[in-house]
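K.L.:
2 protein chains.
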Amino acid sequence: MSRRTVVSGMNSVTCQISVSLDGFVAGPNQSLEHPLGEGGMRLHQWAFANATFRRAHGLDGGDEGPDSEVVEEAVAGVGAYIMGRKMFGGGDGPWDPSWMGWWGDNPPFHVPVFVLTHHARDPLGMDGGTSFTFVTDGVEAALDEARAAAGDQDIAIAGGAATVQQFLAAGLLDELYLHIVPVILGAGERLLENVGNPSFETVKVVASPAVTHVKYRVVR
Amino acid sequence: MSRRTVVSGMNSVTCQISVSLDGFVAGPNQSLEHPLGEGGMRLHQWAFANATFRRAHGLDGGDEGPDSEVVEEAVAGVGAYIMGRKMFGGGDGPWDPSWMGWWGDNPPFHVPVFVLTHHARDPLGMDGGTSFTFVTDGVEAALDEARAAAGDQDIAIAGGAATVQQFLAAGLLDELYLHIVPVILGAGERLLENVGNPSFETVKVVASPAVTHVKYRVVR
Chain X
-8 MSRRTVVSGM
2 NSVTCQISVS
12 LDGFVAGPNQ
22 SLEHPLGEGG
32 MRLHQWAFAN
42 ATFRRAHGLD
52 GGDEGPDSEV
62 VEEAVAGVGA
72 YIMGRKMFGG
82 GDGPWDPSWM
92 GWWGDNPPFH
102 VPVFVLTHHA
112 RDPLGMDGGT
122 SFTFVTDGVE
132 AALDEARAAA
142 GDQDIAIAGG
152 AATVQQFLAA
162 GLLDELYLHI
172 VPVILGAGER
182 LLENVGNPSF
192 ETVKVVASPA
202 VTHVKYRVVR
Chain A
-8 MSRRTVVSGM
2 NSVTCQISVS
12 LDGFVAGPNQ
22 SLEHPLGEGG
32 MRLHQWAFAN
42 ATFRRAHGLD
52 GGDEGPDSEV
62 VEEAVAGVGA
72 YIMGRKMFGG
82 GDGPWDPSWM
92 GWWGDNPPFH
102 VPVFVLTHHA
112 RDPLGMDGGT
122 SFTFVTDGVE
132 AALDEARAAA
142 GDQDIAIAGG
152 AATVQQFLAA
162 GLLDELYLHI
172 VPVILGAGER
182 LLENVGNPSF
192 ETVKVVASPA
202 VTHVKYRVVR
């Protein structure tokens, strides 16, 4: 039973994210060359290999199967994304207007994306339906804007760790879909710290050789 | 395909352990009243509720089902256990001979148990087939003694975190069976740190509403 039937007319706030067995969503020493930190790409090999992910990124081929279905399901009902400044990239401080994100002209979101930042910037319209809107007044304001943009579809928190933590700690997340990847990163950005004391109910588990997907409903 | 068919005649070294969603196997502030730390009992509610666990502890009743089958499987082939001093309890330093462990006259192991310690002590014979042997010369010596006691059965690392870490870091663990419980402890004893860089292959996943069980083979 999904939460949407409980909170009538309200879209869900979801997050699906790859996490190492020791709890990191990015490795240590993030940089332009290693945006996910050292070893962080190992968290995403399962996604790179699958067909749905490749289609979203304009690539052919890839594996069908449980991992691909999980990605399909995770992106299907999303009407808007929210991400942190660090995930959008371009460094700290005032914006370099030439920085348009990591993803090129046609980012893989294909819906409005709201970027949390302390520095105002005009919205960016990208190819393929993606837009980036920069929100300077916090997570609740970003959520209001994302809800308005998403209509009756879900709002997905894209990352990184700090942004997911803020939504969990504020009691604003309805669903957390973890892709648990059996690698040890040893250091980096830990997902589940500073999140208060949420309770979770397991909604579903999908297993593949590469990754164990566990969808939790956040109980408040 | 289990490792035992690969390394002919060699028993496996396994570990099955309950871990919070944020990676802890015990909560903060462990004490005589809270041997698993504050909140740590929440990791084991799923086990207390099931029939196999209750039988091992001399109790009637409990739920059958996937969680019970997991415990059944986890204890079935175990010929000896190894645990850390802290898990056996009784405080630090030289032994108080009146301390016979947390579990009473008939502990739930029912096979020889080898306790890692810096303080020599004569073995203890308990009811129900459990014995406690105190090993002062490290994990490899404990493993040798446990192998001799286990015959062709497996050796299970019972915990706690520091002991599992030593076996993982030394490349001595063949199988890690995590019971991932959807609670946040926020602090306590973290399982997967200081373990080096092992690789894991997913062997099986068993899902229940209360816990997601994932069995990994450690690849070396």
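Read top to bottom, the protein sequences are chains X and A.
Mapping of the first sequence onto our numbering: residues -8 to 211, in sequence order.
Mapping of the second sequence onto our numbering: residues -8 to 211, in sequence order.
Cβ atoms here follow ideal geometry from the backbone N, Cα and C, with glycine treated the same way.
Source: prediction; values computed, not measured.
#1: What are the start and end residues of each continuous alpha helix (DSSP H) run of 4 or more residues lying completely inside the region 36 to 122 of chain A, in chain order?
#2: What does Leu183/A reach in chain X if we use C-beta pairs closer than 8 Å?
#3: Within 7 Å (strictly less), CB to CB, does Ser(-1)/X reach chain A?
#4: Mind listing, in chain order, the continuous alpha helix (DSSP H) runs of no fewer than 4 residues lying wholly within the region 145 to 176 of chain X?
#5: By the 10 Å Cβ neighbour count, where 16 or more other Cβ atoms means buried, how is Gly30/X classified, buried or exposed?
#6: Assuming Gly70/A contacts Ile146/A under a Cβ cut-off of 8 Å, what Cβ separation, rounded to an integer in Å, is found between them?
#7: Is the distance from the Cβ of Gly18/X to the Cβ of Met78/X below 7 Å?
#8: Quick one: measure Cβ to Cβ for Phe125/X and Arg112/X, integer angstroms, because I've assumed they're closer than 8 Å.
#9: Given Pro57/A, which residues of its chain have a CB within under 6 Å of its CB, disregarding the five upstream and five downstream residues?
#10: For the 8 Å Cβ check, are there 3 or more pairs between the region 160 to 172 of chain X and the region 90 to 106 of chain X?
#11: From what residue to what residue does the beta strand (DSSP E) around Arg208/X run?
#12: Given that Phe191/A touches chain X, what residues does it touch there, using C-beta distances under 7 Å?
#13: Would you say Val196/A lies against chain X (beta-carbon separation less than 7 Å)?
#14: How far does the alpha helix (DSSP H) with Glu136/X in it reach, from first residue to last?
#15: Run down chain X in chain order and give the residues with a C-beta less than 9 Å from the C-beta of Pro200/A.
#16: Can a CB atom of chain A be found closer than 7 Å to the CB of Asn188/X?
#17: Check each candidate in Val205/A, Leu107/A, Leu23/A and Ala153/A and name the one with the smallest Cα separation from Tyr72/A.
#18: Does chain X have any CB closer than 7 Å to the CB of Arg(-6)/A?
#19: Around the Cβ of Asn20/X, are there at least 16 other Cβ atoms within 10 angstroms (buried) or fewer (exposed)?
#20: Measure the C-alpha to C-alpha separation of Asn2/X and Val66/X and round it to an integer number of angstroms.
#21: Here's a check: name, in chain order, each residue in its chain whose Cβ is nearer than 7 Å to the Cβ of Gly14/X, leaving out the five neighbours to either side.
#22: Beta-carbon separation of Val16/A and Leu163/A under 7 Å?
#23: Does chain A have any CB closer than 7 Å to the CB of Tyr168/X?
#24: Going by DSSP, what residue range makes up the beta strand (DSSP E) through Glu192/X?
#25: In chain order, what residues of the same chain lie with their CB nearer than 7 Å to the CB of Thr(-4)/X, ignoring the 5 residues before and after it?
#26: Quick one, are the C-beta atoms of Pro173/A and Leu50/A less than 7 Å apart?
#27: Taking only the alpha-carbon atoms, compute the straight-line gap between Ala160/A and Gln36/X and give it to the nearest angstrom.
#28: When the distance is taken between beta carbons, is Phe105/A closer than 7 Å to Glu136/A?
#29: DSSP three-state call for Asp13/X: helix, strand or coil?
#30: Considering only C-alpha positions, which residue in the set Asn97/X, Glu192/X and Leu176/X is nearest to Ala47/X?
#31: Checking the sheet assignment: what are the DSSP bridge partners for Thr124/X?
#32: So does Ala132/A have its beta carbon nearer than 6 Å to some heavy atom of the ligand GTP?
#33: Quick test of your reading: Gln156/A and Asn185/A, contact by CB under 8 Å. State the CB separation rounded to the nearest angstrom.
#34: Thr121/X touches chain A at which residues, Cβ-Cβ below 8 Å?
P.N.:
Taking the geometry as given:
#1: 36 to 39, 42 to 47, 57 to 67 and 76 to 79
#2: Leu12, Asp13, Gly14 and Ile175
#3: Any reading at Ser(-1)/X must be qualified, since the residue scores a pLDDT of 41, below 50, and its modelled position is unreliable; the value itself is stated next. False, the Cβ-Cβ gap to chain A never drops below 7 Å.
#4: Within the region 145 to 176 of chain X, the complete alpha helix (DSSP H) segments at least 4 residues long are 152 to 160, listed from N- to C-terminus.
#5: buried
#6: 7 Å
#7: No; because the gap between Cβ atoms is not below 7 Å, this pair is not in contact.
#8: 4 Å
#9: Val197 and Ser199
#10: no
#11: Thr203 to Val210
#12: Leu12 and Pro173
#13: yes
#14: From DSSP, the alpha helix (DSSP H) with Glu136/X extends over Val130 to Ala141.
#15: Glu192 and Thr193
#16: Under the Cβ criterion of 7 Å, Asn188/X is counted among the residues facing chain A.
#17: Leu107/A
#18: Interpretation of Arg(-6)/A is limited by its pLDDT of 38, a score under 50 that renders its predicted location unreliable; the figure taken from the coordinates is listed afterwards. Not closer than 7 Å to any Cβ of chain X, the Cβ of Arg(-6)/A fails to qualify, so no.
#19: exposed
#20: One C-alpha to the other measures close to 14 Å.
#21: Arg181, Leu182 and Leu183
#22: The answer is no: Cβ separation not under 7 Å.
#23: no
#24: Ser190 to Ala198
#25: Any reading at Thr(-4)/X needs caution, since the residue's pLDDT is 38, under 50, leaving its predicted position unreliable; the model's value is listed next. So no residue of the chain qualifies.
#26: no
#27: Between Ala160/A and Gln36/X, the C-alpha separation is close to 25 Å.
#28: yes
#29: Under the three-state reduction of DSSP output, Asp13/X falls in the coil class, being neither helix nor strand.
#30: In terms of CA proximity to Ala47/X, Asn97/X leads the group Asn97/X, Glu192/X and Leu176/X.
#31: Phe105/X
#32: Because no ligand of any kind appears in the structure shown, any question about the ligand GTP cannot be addressed here.
#33: 5 Å
#34: What Thr121/X touches in chain A: nothing, since even the nearest Cβ is about 31 Å away.
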